[in-house]
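In numbering that gives the first Met the number 0, the protein residues as written are 0 to 142. Just so you know, even glycine gets a beta-carbon here, dropped at the ideal spot from N, CA and C.
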Amino acid sequence: MATGVNDHVCAYNIDANIAYNIGPGILQGNGGWATTTNTDNFAGTGQQVLAGAWYMGLNYSLNLGGRNTNFNVGYGQTYNANAIPMPIAASLLQDGFSQTGIAKQLIFSGQRAYFDNYVLFGPEWAYQEFYDGTHMNTLTLDL
């Protein structure tokens with residue numbers, strides 16, 4: 000991977016978002032794709048390749064009983080990113096980075112406002128599958 004003082008890795012990134020009023024709330028869909036602009040040994044195979052990722056997500060937000068509430072699902076995959084350590088959901092492990100890249104990730108979450116409409120609490124479940132064949136399930140309480 001790029002390690003020299005003058006080595007740079009740049010990327011193209013495209014994101015899209017669309018929202019609709021449905022019932023008492025807003026349904027929002029989003030997606031995106033990013034790729035490196037130059038090749039390197041991102042896959043750890045010795046070959047010069049481009050690395051990248053894509054994602055899709057859905058969110059439904061509404062005011063339920065006077066409290067802001069939302070539900071989310073997101074899925075994403077990477078390609079040629081075997082040798083790129085990435086932040087993992089269980090960030091207390093290995094200084095918050097995986098040993099290999101994350102090949103696939105699925106996240107479900109929901110939040111509800113407490114105290115006022117700006118402090119949201121809720122559970123999040125993340126499934127991460129790594130290039131080395133291992134996987135991890137993480138359940139957190141988000142604030």
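Looking at the structure shown, is residue i part of a helix, part of a strand, or coil, going by DSSP?
i      : result
Gly3   : Below a pLDDT of 50, predicted positions are generally treated as unreliable, and Gly3, at 47, falls in that range; no measurement from the model is reported.
Val8   : coil
Gly95  : helix
Ile101 : strand
Thr36  : coil
Thr44  : coil
Under 6 Å Cβ to Cβ from residue i, same chain only, skipping five residues before and after it: list those, please.
i      : result
Glu123 : Ser108, Thr139 and Asp141
Ala33  : Ala10, Asn12, Gly51 and Ala52
Met135 : Gln127
Tyr74  : Met55 and Leu105
Ser60  : Gly24, Ile25 and Asn69
Pro84  : Phe96 and Ser97
With 16 other CB atoms within 10 Å as the buried threshold, where does residue i fall?
i      : result
Ala112 : buried
Gln47  : exposed
Ala15  : exposed
Thr133 : exposed
Short of 7 Å in beta carbon distance, which residues of its chain neighbour residue i, apart from the five on each side in sequence? Order them along the chain.
i     : result
Thr36 : Cys9, Ala10 and Tyr11
Starting from residue i, trace the beta strand (DSSP E) both ways and give me its first and last residue.
i      : result
Pro23  : Looking at the DSSP string, Pro23 is not in any beta strand (DSSP E), and its letter there is neither H nor E.
Pro122 : Leu119 to Phe129
Met85  : Taken as a continuous stretch (DSSP letters only), Met85 belongs to no beta strand (DSSP E), as it is neither H nor E.
Tyr74  : Arg66 to Tyr78
Roughly how many angstroms separate the alpha carbons of residue i and residue j, rounded to a whole number?
i      : j     : result
Thr99  : Asp6  : 21 Å
Asp131 : Tyr78 : 13 Å
Leu63  : Ile21 : 14 Å
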